[in-house]
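Trainee: Structure incoming, see below.
Protein chains: 2
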Amino acid sequence: MVENAAEARRQAGIPAHEQVYRSLRESVLFGTLAPGEPVTIQGLVERLGAGMTPVREAIRRLTAEGALQALGNRRIEVPVLGAAAIEELTEARLALEPRLAMRAAERAAPEDVVRLSEIDTRLDRAILRGDIEGYLRENHAFHSVLNDVAQAPVMKALTESLWLRFGPSLRVVCGQMGTRHLPDCHKDLVRALEARDGAAAARAIEQDVAQGMEMILQSL
Amino acid sequence: MVENAAEARRQAGIPAHEQVYRSLRESVLFGTLAPGEPVTIQGLVERLGAGMTPVREAIRRLTAEGALQALGNRRIEVPVLGAAAIEELTEARLALEPRLAMRAAERAAPEDVVRLSEIDTRLDRAILRGDIEGYLRENHAFHSVLNDVAQAPVMKALTESLWLRFGPSLRVVCGQMGTRHLPDCHKDLVRALEARDGAAAARAIEQDVAQGMEMILQSL
DNA sequence: CAGCGCAACTTATGATCAAAATTTGGGGAC
DNA sequence: GTCCCCAAATTTTGATCATAAGTTGCGCTG
Chain V
10 MVENAAEARR QAGIPAHEQV YRSLRESVLF GTLAPGEPVT IQGLVERLGA GMTPVREAIR
70 RLTAEGALQA LGNRRIEVPV LGAAAIEELT EARLALEPRL AMRAAERAAP EDVVRLSEID
130 TRLDRAILRG DIEGYLRENH AFHSVLNDVA QAPVMKALTE SLWLRFGPSL RVVCGQMGTR
190 HLPDCHKDLV RALEARDGAA AARAIEQDVA QGMEMILQSL
Chain H
10 MVENAAEARR QAGIPAHEQV YRSLRESVLF GTLAPGEPVT IQGLVERLGA GMTPVREAIR
70 RLTAEGALQA LGNRRIEVPV LGAAAIEELT EARLALEPRL AMRAAERAAP EDVVRLSEID
130 TRLDRAILRG DIEGYLRENH AFHSVLNDVA QAPVMKALTE SLWLRFGPSL RVVCGQMGTR
190 HLPDCHKDLV RALEARDGAA AARAIEQDVA QGMEMILQSL
């Protein structure tokens, strides 16, 4: 990940701070940034070949979104979640995501259902393959598309903030336990969308959230 | 608000970007920043007597929190809320704030109740006085303390993001309608906390949210 | 009303200063 | 003589600024 300088330049038009933001965000969700890992400005400047100001802005943004945590001492790290934090995240997810699923069920067009099915297929393959990053990416994509269909940009943004918070912990859990035993209530959800059954969609997501977060909680 | 340079320097130890952030945040919640108003970096540099980098960081942070909106064209403004946005904000608030109130009721110490009562007293006085900024500040303080008592930092952060989003619109409404007819279910809430009745606390907040947001919705 | 140029603003860099962490070295205790 | 602890020096990292370079939008001219 050192040759990104050239890659970054390639995407001209997109400001550097945005590129750094996306890159860092991916690292939090799917990459190698572990809970408790320190994030330094200068480290990112070197790793991404960007200037200080864009890196700085990206870090502030991700800190505001809860993906990073500013320690008092001008130091920044990936937050370490305790049991209380995970329980709170679960409660917050249960407050928001079933509502989004319900809205999605009321608004889903057939092509949306197709898109979600395709993602779920890829997700299953990633699980069988034991591909952790693939699982994380497709799982996130599934929920992201679902929340797009809900047409609720604010609640989607809040939910994304929650995902950024438990992302690193989820990745650790997957690394420990492999991709077997992962929750997958997506089939139920797709069926609920097809049937335009909001309540069923909400229940499916509720299951998915509860199982996923329980797994994180179990592994301390 | 031009002499803030000296004032800012006085608060040494707190980084400039943090000071700019707080100042700008106050402007969004209680100040004179109206929906649709453009926010320029240079304007803030001059107004606050700060450098570009700290201003830039503060803006990114507030943009991530939804207080500001980045238009595509490198322009930033205070978001203008339509009916759909207000309805979504209402749904999001109803998803989160009653839960926080319930948690607060389960955890409130007597001194917390006292603190909230005091704020509510000042709030009533501000209403009688017709002091809009005072109302906005005390109202926010009331809910902020309540959400602190709930001991749920993540859900509190999400809720703050919602307040930042409707803050400017609420202020406009108050300017149009004065401080009469403002919702105040805080007495019910304080009683519920005293009785440690979580369900009653949730109902009180639900009322408060519904009435307040309805008022914003009514005035377009 | 199309094209052009100006003015305002944004983006990004690198330098500079300050603060925190880490290393290093010396002195004392056992 | 060895080990440990504390303090000074070094190094790493963060914060801020001044400025150069690049966009955007607006108004003006033809």
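Line by line, the protein sequences are chains V and H. All letters in the first sequence, in the order written, are residues 10 to 229 by this note's numbering. All letters in the second sequence, in the order written, are residues 10 to 229 by this note's numbering. Where is the CB? At the ideal position from N, CA and C, for every residue including glycine. Bear in mind the structure is a predicted one, so any value in this text is a computation, not a measurement.
Kindly say whether A104/V, judged by its beta-carbon, lies nearer than 7 Å to any beta-carbon of chain H.
Mentor: yes
Trainee: Based on Cα-Cα distance, which residue from A25/V, G75/V and G60/V lies nearest to E38/V?
Mentor: Note that residue 38/V is Leu in the sequence shown, not Glu. Considering only alpha carbons, the answer is G75/V.
Trainee: List the residues that DSSP assigns as beta-bridge partners of I23/H.
Mentor: DSSP output for I23/H lists no bridge partner at all.
Trainee: Could you work out which residue in L198/H, R83/H and E106/H is closest to I128/H when comparing CA atoms only?
Mentor: L198/H
Trainee: Can you list the residues of chain H that T62/V reaches, using a CB-CB cut of under 8 Å?
Mentor: T62 and R65
Trainee: How close, in whole Å, do the beta carbons of M164/H and E97/V come, if the pair is a contact with beta carbons under 8 Å?
Mentor: M164/H to E97/V, Cβ: 7 Å. Contact.
Trainee: Excluding the five sequence neighbours on either side, which residues of its own chain have a C-beta within less than 7 Å of the C-beta of D206/H, listed in chain order?
Mentor: Listed in chain order, the non-local C-beta contacts of D206/H below 7 Å within the same chain comprise A114, local neighbours out to five positions each way being set aside.
Trainee: Assign E147/H to one of two classes, buried (16 or more other C-beta atoms within 10 Å of its C-beta) or exposed (fewer than that).
Mentor: Flag for E147/H reads buried.
Trainee: State yes or no: is the C-beta of L109/V within less than 7 Å of the C-beta of A159/V?
Mentor: yes
Trainee: Look at the Cβ atom of A94/V, then the Cβ atom of P63/V, and state whether they are nearer than 7 Å.
Mentor: no
Trainee: Report the start-end ranges of each alpha helix (DSSP H) in the segment 43 to 115 of chain H that is 4 residues or longer and not cut off at the edges.
Mentor: 50 to 57 and 61 to 73
Trainee: Please classify S228/V: is it buried, with 16 or more other beta-carbons within 10 angstroms of its beta-carbon, or exposed?
Mentor: Exposed, because fewer than 16 other Cβ atoms sit within 10 Å of the Cβ of S228/V.
Trainee: Can you tell which of A161/H, V182/H and E203/H has the C-alpha that lies nearest to the C-alpha of E220/H?
Mentor: Correcting the residue identity first, residue 220/H is Gln in this sequence and not Glu. Answer by Cα proximity: V182/H.
Trainee: My guess is that L103/H and E215/H are in contact by the Cβ rule of under 8 Å, so how many angstroms apart are they, rounded?
Mentor: The Cβ separation is near 6 Å, so the contact holds.
Trainee: Taking CB distances under 7 Å as the criterion, tell me whether M111/V reaches chain H.
Mentor: no
Trainee: For a test of the three-state rule: what should DSSP assign to G40/H, helix, strand or coil?
Mentor: coil
Trainee: So T188/H is in the alpha helix (DSSP H); what residue range does that whole segment cover?
Mentor: Where T188/H is concerned, there is no enclosing alpha helix (DSSP H), given that its DSSP letter is neither H nor E.
Trainee: Is any beta-carbon of chain V found at less than 7 Å from that of A101/H?
Mentor: yes
Trainee: Which of the residues in the segment 153 to 173 of chain H, read from start to end, lie with their CB under 8 Å from any CB of chain V?
Mentor: A161, P162, V163, M164, A166, L167, S170 and L171
Trainee: Is it buried or exposed for G60/H, if we count other Cβ within 10 angstroms and need 16 for buried?
Mentor: exposed
Trainee: Here's a check: name, in chain order, each residue in its chain whose Cβ is nearer than 7 Å to the Cβ of E46/H, leaving out the five neighbours to either side.
Mentor: Residues of the same chain with a CB within less than 7 Å of the CB of E46/H, apart from the 5 flanking positions on each side, are E86 and V87 in chain order.
Trainee: Would you mind working out which of L33/H, V122/H and A210/H sits nearest R56/H, comparing C-alpha positions?
Mentor: L33/H
Trainee: For G75/H, go through chain V and note every residue whose CB falls closer than 8 Å to its CB, in chain order.
Mentor: V163 and A166
Trainee: What does the alpha-carbon distance come out to for the pair S36/V and P177/V?
Mentor: 9 Å
Trainee: For a contact meaning CB atoms closer than 8 Å, what does L98/V contact in chain H?
Mentor: V163
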